[in-house]
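Order-wise, the sequence lines are chains B and F. The numbering of the first sequence is numbering that gives the first Met the number 0, which starts it at 0 and goes up by one. The numbering of the second sequence is numbering that gives the first Met the number 0, which starts it at 0 and goes up by one. In this text, a Cβ means the ideal position worked out from N, Cα and C, and glycines have one as well.
Protein chains: 2
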Amino acid sequence: MRILITAGPTREYVDDVRFLSNASSGRMGYALAEAAIAAGHEVILVTGPVDLDVPDGAKVSAIETTDELRMSCLELFPSCDGIIATAAVCDYRPRERVHGKMTKTGQPIVLELVETSDVLAELGAQKGHRWVVGFALESQDPRNNAMRKLRMKQCDCIVLNDTSAISSLENRVEILSPDAETQAEFTGLKTDVAAQLITFIEQRIAR
Amino acid sequence: MRILITAGPTREYVDDVRFLSNASSGRMGYALAEAAIAAGHEVILVTGPVDLDVPDGAKVSAIETTDELRMSCLELFPSCDGIIATAAVCDYRPRERVHGKMTKTGQPIVLELVETSDVLAELGAQKGHRWVVGFALESQDPRNNAMRKLRMKQCDCIVLNDTSAISSLENRVEILSPDAETQAEFTGLKTDVAAQLITFIEQRIAR
């Protein structure tokens with residue numbers, strides 16, 4: 000198969016220097032890219048800024064903002080069989096980006112944040128015969144929030160992990176089906192979890 | 000000498016996952032730590048989250064927020080001969096930090112940002128016989144902004160670099176004295192600039 004994998008954080012700039020982001024290490028996505036290549040698949044990795052070596056054999060598209068992620072995925076998804084979306088996108092961006100670097104004035108500033116576009120929902124809506132595997136990282140009411148995401152993004156399954164997964168070498172995931180069944184649970188190093196997920200996708204998701 | 004060096008970005012959390020930060024790599028500060036150790040000095044490195052190996056022989060205090068940087072510096076500065084402050088602190092933090100992870104609602108959100116405390120100004124005000132070397136990264140009116148910082152922070156000199164230095168392996172710096180004279184200019188790899196800066200501090204700043 001030809002698999003599109005998104006990984007890492009995105010950044011949304013307040014000015015030329017400061018941005019909103021998160022501590023996503025990209026490890027889960029990079030581990031999935033390696034596992035997919037090891038299993039004989041072709042991988043295109045759309046990656047935010049992380050400090051990881053690109054897996055041998057992966058094609059890479061480096062992005063910074065959610066909008067760049069969107070453009071890259073819209074271009075690449077049509078030629079792929081499916082997408083595994085592990086990127087921890089910034090859900091919000093400043094409405095305005097200040098040019099240059101804001102200088103302190105001693106006063107508070109008010110930043111209006113608007114939601115970034117929901118890239119996976121957009122891909123899900125046009126998936127056709129392609130499969131879509133989403134990731135959800137939730138701190139409150141995780142199953143319900145994950146299922147809401149699965150439906151909004153038209154995922155074939157969603158991988159639920161909790162906030163302790165960020166920046167960690169390990170992960171514990173639960174895979175939920177569109178009818179809210181637990182299809183599998185994997186625990187361990189992200190590299191091990193990745194290999195099991197790729198096998199799961201081959202056997203249960205890609206048809 | 001015993002030198003306190005701050006390096007890297009700080010992070011200011013909006014909720015448990017999202018934060019404001021910048022792309023500071025920490026390279027300038029880590030290169031200065033290495034150069035200082037190579038020159039026979041003792042180094043305490045107060046560092047934000049970066050992907051660099053700690054220089055052999057440096058003592059390290061790992062921090063995330065500007066407030067943690069402040070606590071660490073207030074504790075360590077009194078036992079040092081001087082400070083080189085390269086950390087790219089977040090000048091702003093959200094007034095409130097949301098517990099858990101905010102869930103998207105479809106609506107914009109308004110984030111009130113307040114200035115973080117000026118750690119170097121606080122250290123400068125209590126420096127006594129110690130020396131203070133500041134860094135300024137300015138996009139507009141760089142010399143005047145750097146001189147304003149030098150005075151506010153009671154620096155013995157300030158190292159002016161421009162925004163292209165962020166995340167780069169190279170740097171081009173100008174050292175300004177309290178009477179706004181250019182005392183030196185160094186250009187090249189951050190490792191080379193660091194060695195020259197340490198020599199400059201030994202000869203012109205540390206008395």
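Classification of residue i by the beta-carbon crowding that lies within 10 angstroms, buried from 16 upward
i	result
B/Arg-206	exposed
B/Lys-8	The residue asked about is misnamed: residue 8 of chain B is Pro in this sequence, not Lys. So B/Pro-8 counts as buried.
B/Glu-74	exposed
F/Val-59	exposed
B/Val-158	buried
F/Leu-168	exposed
F/Val-109	exposed
B/Ser-71	buried
F/Asn-144	buried
Start and end residues, alpha helix (DSSP H) containing residue i
i	result
F/Glu-141	Looking at the sequence provided, one finds Pro at residue 141 of chain F rather than Glu. Unbroken alpha helix (DSSP H) run through F/Pro-141: 141-151.
F/Gly-28	26-37
F/Gly-123	118-124
B/Ile-197	189-199
Residue i at chain F interface by Cβ criterion, 7 Å
i	result
B/Asn-21	yes
B/Thr-162	yes
B/Lys-152	no
B/Glu-169	no
B/Glu-95	no
B/Asp-178	no
B/Asp-50	yes
Span of the beta strand (DSSP E), counted from its first residue to its last, around residue i
i	result
B/Lys-58	58-61
B/Glu-4	It is Ile, not Glu, that sits at residue 4 of chain B in the sequence shown. Start and end: 1-6.
B/Arg-206	No beta strand (DSSP E) contains B/Arg-206, which DSSP labels as neither H nor E.
F/Arg-92	91-93
F/Arg-96	Unbroken run through F/Arg-96: none, as it is neither H nor E.
B/Phe-76	That residue, B/Phe-76, is in no beta strand (DSSP E); it is neither H nor E in DSSP.
F/Val-49	No beta strand (DSSP E) holds F/Val-49; DSSP gives it neither H nor E.
F/Gly-133	130-136
Beta carbon proximity, residue i to chain B, threshold 7 Å
i	result
F/Pro-107	yes
Beta-carbon neighbours of residue i, restricted to chain B and to distances below 8 Å
i	result
F/Lys-189	Result: empty, since nearest Cβ-Cβ is about 17 Å, beyond 8 Å.
Listed by chain order, chain B residues near residue i by CB distance under 9 Å
i	result
F/Tyr-91	Val-13, Arg-17, Met-101, Lys-103, Pro-107, Ile-108, Leu-110
Within chain B, the residues that residue i reaches when beta carbons sit closer than 7 Å
i	result
F/Ile-197	By Cβ distance, chain B contributes nothing, its closest Cβ being about 26 Å from F/Ile-197, past 7 Å.
Contact set between residue i and chain F, taken where Cβ atoms lie within less than 8 Å
i	result
B/Ile-165	Val-16
B/Val-113	Pro-107
Contact list for residue i against chain F, beta-carbon separation under 9 Å
i	result
B/Gln-139	Gly-99, Lys-100, Thr-102
B/Asn-143	Simply none; closest approach about 10 Å.
- With a cut-off of 8 Å, do at least 3 Cβ pairs link the segment 155-175 of chain B to the segment 193-205 of chain B? yes
- Query: Below 8 Å, can you find three or more Cβ-Cβ pairs linking the segment 65-72 of chain B to the segment 107-125 of chain B?
  - Reply: yes
- Message: So, does the segment 21-39 of chain F touch the segment 47-59 of chain F, judging by three or more C-beta pairs under 8 Å?
- Response: yes
- Inspect the CB distances between the segment 135-150 of chain F and the segment 93-102 of chain F and report whether three or more fall short of 8 Å. no
- If you pair each beta-carbon of the segment 74-83 of chain B with each one of the segment 80-90 of chain F, do three or more pairs fall below 8 Å? no
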